[in-house]
Amino acid sequence: MTEVFSEDGKNYPATVLRVPTTTITSLRTVEKNGYSAVQIGFGNKKKGFKEYRLTTNAQAPTIGEKIDASIFQTGELVTVSAISKGKGFQGVVKRHGFKGGPRTHGQKHSEREPGAIGGGARAGGRVAKGMRMAGRMGGDRITVKNLPVLKVDMEKNEIYLGGAVPGRRGTLVEIKN
26 MTEVFSEDGK NYPATVLRVP TTTITSLRTV EKNGYSAVQI GFGNKKKGFK EYRLTTNAQA
86 PTIGEKIDAS IFQTGELVTV SAISKGKGFQ GVVKRHGFKG GPRTHGQKHS EREPGAIGGG
146 ARAGGRVAKG MRMAGRMGGD RITVKNLPVL KVDMEKNEIY LGGAVPGRRG TLVEIKN
């Protein structure tokens with residue numbers, strides 16, 4: 026992350042995203058495919074493809090048309106999706122925010138344990154489905170809505186978004202406006 030200064034001198038936390046030039050590789054039509062969508066390719070030798078549905082009032086693009094950072098304007102709000110950083114196997118305190126047990130008053134080894142997870146008459150002597158427990162954390166697709174575009178740098182083909190974006194450096198990020 027970095028910071029961007031506005032005209033009135035305020036500084037805002039920002040994330041810099043490089044927008045690779047993408048190309049429209051295919052069109053889906055209602056007559057041929059039953060739905061209206063556009064497929065874009067990105068990366069060297071079109072490393073990745075992504076398909077987006079078109080609304081009924083959207084103008085029809087042409088195959089081979091290039092899309093770059095010029096489609097974003099300063100001040101508009103965008104939605105960003107990416108795979109979050111993986112944290113590995115984590116306990117319930119870090120993964121779910123459990124408080125843990127007391128550190129004193131006769132407790133020996135239960136500082137970071139979840140406590141009772143079921144049993145007795147409550148759930149018929151079994152652990153209920155969906156019980157929050159320790160396990161793998163992170164590595165999920167996270168969507169952050171309404172991030173402002175603070176700056177668009179056309180020379181470097183980069184956009185500056187206000188706030189944090191999920192994922193680590195180099196993660197492929199989907200930006201929707």
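First residue of the sequence shown? That's 26 in this note's numbering, and the numbers climb one at a time after it.
Even for Gly, the Cβ is constructed at its ideal location relative to N, Cα and C.
Quantities reported herein were computed from a predicted structural model and do not represent experimental measurements.
Rounded straight-line distance, which links the Cα of residue j to that of residue i
{"i": "phenylalanine 97", "j": "arginine 161", "result": "36 Å"}
{"i": "isoleucine 92", "j": "isoleucine 65", "result": "9 Å"}
{"i": "lysine 181", "j": "serine 95", "result": "11 Å"}
{"i": "valine 169", "j": "serine 106", "result": "6 Å"}
{"i": "alanine 153", "j": "arginine 137", "result": "21 Å"}
{"i": "arginine 128", "j": "glycine 140", "result": "13 Å"}
{"i": "valine 103", "j": "phenylalanine 114", "result": "32 Å"}
{"i": "threonine 27", "j": "leucine 52", "result": "38 Å"}
{"i": "glutamate 90", "j": "phenylalanine 74", "result": "15 Å"}
{"i": "glycine 116", "j": "asparagine 69", "result": "40 Å"}
{"i": "arginine 78", "j": "glycine 164", "result": "26 Å"}
{"i": "histidine 130", "j": "valine 198", "result": "49 Å"}
{"i": "lysine 119", "j": "arginine 194", "result": "23 Å"}
{"i": "glutamate 101", "j": "leucine 172", "result": "8 Å"}
{"i": "glycine 59", "j": "lysine 72", "result": "27 Å"}
Burial state of residue i, where buried means 16 or more other Cβ atoms lie within 10 Å
{"i": "leucine 186", "result": "buried"}
{"i": "isoleucine 88", "result": "exposed"}
{"i": "isoleucine 200", "result": "buried"}
{"i": "isoleucine 184", "result": "buried"}
{"i": "proline 38", "result": "exposed"}
Anticipated Cβ contact below 8 Å, residue i with residue j, distance rounded
{"i": "glutamate 76", "j": "alanine 85", "result": "Between alanine 85 and glutamate 76 the Cβ distance is about 15 Å, and since that is not below 8 Å, they are no contact."}
{"i": "arginine 157", "j": "histidine 121", "result": "5 Å"}
{"i": "glycine 144", "j": "serine 135", "result": "Their Cβ separation, rounded to whole angstroms, is 16 Å, which puts glycine 144 and serine 135 out of contact at 8 Å."}
{"i": "isoleucine 108", "j": "glycine 188", "result": "About 18 Å separates the two Cβ atoms, so there is no contact after all."}
{"i": "phenylalanine 67", "j": "threonine 81", "result": "No, phenylalanine 67 and threonine 81 are not in contact; Cβ-Cβ is about 26 Å, not under 8 Å."}
Nonlocal neighbours in the same chain, by C-beta distance under 8 Å from residue i, ignoring five residues either side
{"i": "threonine 99", "result": "Val174, Leu175, Lys176, Val177"}
{"i": "alanine 159", "result": "Phe114, Gln115, Gly116, Val117, Arg120, Pro139"}
Residue i: CB within 8 Å of a non-hydrogen atom of the ligand ATP
{"i": "glutamine 84", "result": "As for the ligand ATP, it is missing from this structure, which has no ligand bound."}
Close beta carbons around residue i, own chain, < 7 Å, minus the five adjacent residues each side
{"i": "threonine 54", "result": "Ser61"}
{"i": "threonine 196", "result": "Ala107, Ile108"}
{"i": "lysine 112", "result": "Met162, Gly163"}
Contacts around residue i, its chain only, beta-carbon distance under 6 Å, and the 5 residues preceding and following it disregarded
{"i": "proline 45", "result": "Phe67"}
{"i": "asparagine 36", "result": "Glu28, Phe30"}
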